[in-house]
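The opening residue of the sequence shown carries number 7 in the working numbering; numbering runs sequentially from there.
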Amino acid sequence: MPRLCFAILIPACLAACLLSGCGSSSKAAFIYPAGDKATAGPLIYNVLDVHIQPRLGDDLTTARTPQNRFFLVKISASNSSSNEVSIPALTLVDDHGKTWAEIADGTNVPDWIGVVRRLDPGGTDTGVVVFDAPAQHYRLRLTDETEEDIGIDIPLTFVNESTSPDIPAADAGPTPIQVPSKKQ
Numbered sequence: 007m008p009r010l011c012f013a014i015l016i017p018a019c020l021a022a023c024l025l026s027g028c029g030s031s032s033k034a035a036f037i038y039p040a041g042d043k044a045t046a047g048p049l050i051y052n053v054l055d056v057h058i059q060p061r062l063g064d065d066l067t068t069a070r071t072p073q074n075r076f077f078l079v080k081i082s083a084s085n086s087s088s089n090e091v092s093i094p095a096l097t098l099v100d101d102h103g104k105t106w107a108e109i110a111d112g113t114n115v116p117d118w119i120g121v122v123r124r125l126d127p128g129g130t131d132t133g134v135v136v137f138d139a140p141a142q143h144y145r146l147r148l149t150d151e152t153e154e155d156i157g158i159d160i161p162l163t164f165v166n167e168s169t170s171p172d173i174p175a176a177d178a179g180p181t182p183i184q185v186p187s188k189k190q
C-alpha cells in the first residue's frame, strides 16, 4: 500500500508544480520597509522623507498643479560598485499594480535630483523625485527591466493637508508624510 501512495503522489505533485508555474521565470519581489536600506544591484537606496502636495510653488499664478497630487520622495542612492552607474527612473506602484512614472520636470521641486543621474564608484546622491499620483499607499519600484522587482514600501500617513489647493496649510509648509525610521 505505501508504494502505491508514492506512485500516485509523486506524479500528482509534479503535475501540480508544473501547472502552478513553479518552473516559470517569474520576477522575485523584495519589498523593504521605508527607512531601511534597499539594495538593487550595485545601488543602495533609502527613502528619507515623503511629502504630498496639492501644488508646487508659493505664487498662486505660477504654481504647478497636478492631475492628482504631487508625491515628493526624498531618496539617497549609493553606488557600492567599483564602476560608474546610472540611477534608473523610479516608479510608484499601488496595491493593485497600477504604476506612475517619475515626472521629468523639476520646476518648483526643492532639492530635485534630476533625470540623468550618474554615480561615481562609492558615490552617494541625495535628492527629491516627484510623481503625480492619487494620495494612497504605494511602493517605490527601484528597478526597471530586470529579473528582480525590488521596492520600498511608502506608507500613507497624513499629518496636515490644506482643504483647498488655493489655501496653504496652516504652517504654510509642505504636507509631510511620516516615514518610520529604522530603529538602531
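For glycine and all other residues, C-beta sits at the position ideal for the given N, C-alpha and C.
For clarity, every value in this text was computed on a predicted model and none was experimentally measured.
Measure the Cβ-Cβ separation of residue i and residue j and say whether it is below 8 Å.
| i | j | result |
| --- | --- | --- |
| Asn52 | Ile93 | no |
| Pro140 | Arg75 | yes |
| Asn89 | Gly128 | no |
| Leu148 | Leu96 | yes |
| Ala83 | Leu54 | no |
| Asp131 | Arg145 | no |
| Asp154 | Val135 | According to the sequence displayed, residue 154 carries Glu and not Asp. No, these two residues do not count as a Cβ contact at 8 Å. |
| Ser46 | Ile119 | According to the sequence provided, residue 46 is Ala. The question's Ser does not apply to it. It is not a contact, given that the beta carbons lie outside the stated cut-off. |
| Pro116 | Ala40 | no |
| Val122 | Ala110 | no |
| Thr113 | Arg70 | yes |
| Asp138 | Pro48 | no |
| Lys43 | Ile37 | no |
From the DSSP output, read off the bridge partner residues of residue i.
| i | result |
| --- | --- |
| Leu162 | Paired residues: none, contrary to the question. |
| Gly41 | Paired residues: none, contrary to the question. |
| Asp126 | DSSP, once it has assigned bridges, lists no residue as partnering Asp126. |
Can you name the start and end residues of the beta strand (DSSP E) that residue i belongs to?
| i | result |
| --- | --- |
| Thr132 | Thr130 to Ala139 |
| Arg147 | Tyr144 to Arg147 |
Spell out whether any CB of chain D is found under 8 Å from the CB atom of residue i.
| i | result |
| --- | --- |
| Ile119 | Protein chains in the displayed structure number just one, and chain D is not present. |
Length-filtered (3 minimum) beta strand (DSSP E) runs lying within the region 47–121 = Counting only runs of 3+ residues, the beta strand (DSSP E) found wholly inside the region 47–121 occupies 49–59, 75–85, 97–100 and 105–107, in chain order.
Say whether the region 55–72 touches the region 94–106, bearing in mind that this needs 3 or more beta-carbon pairs closer than 8 Å, one atom from each stretch.
-> Because the criterion of three Cβ pairs below 8 Å is not met, the region 55–72 and the region 94–106 do not touch.
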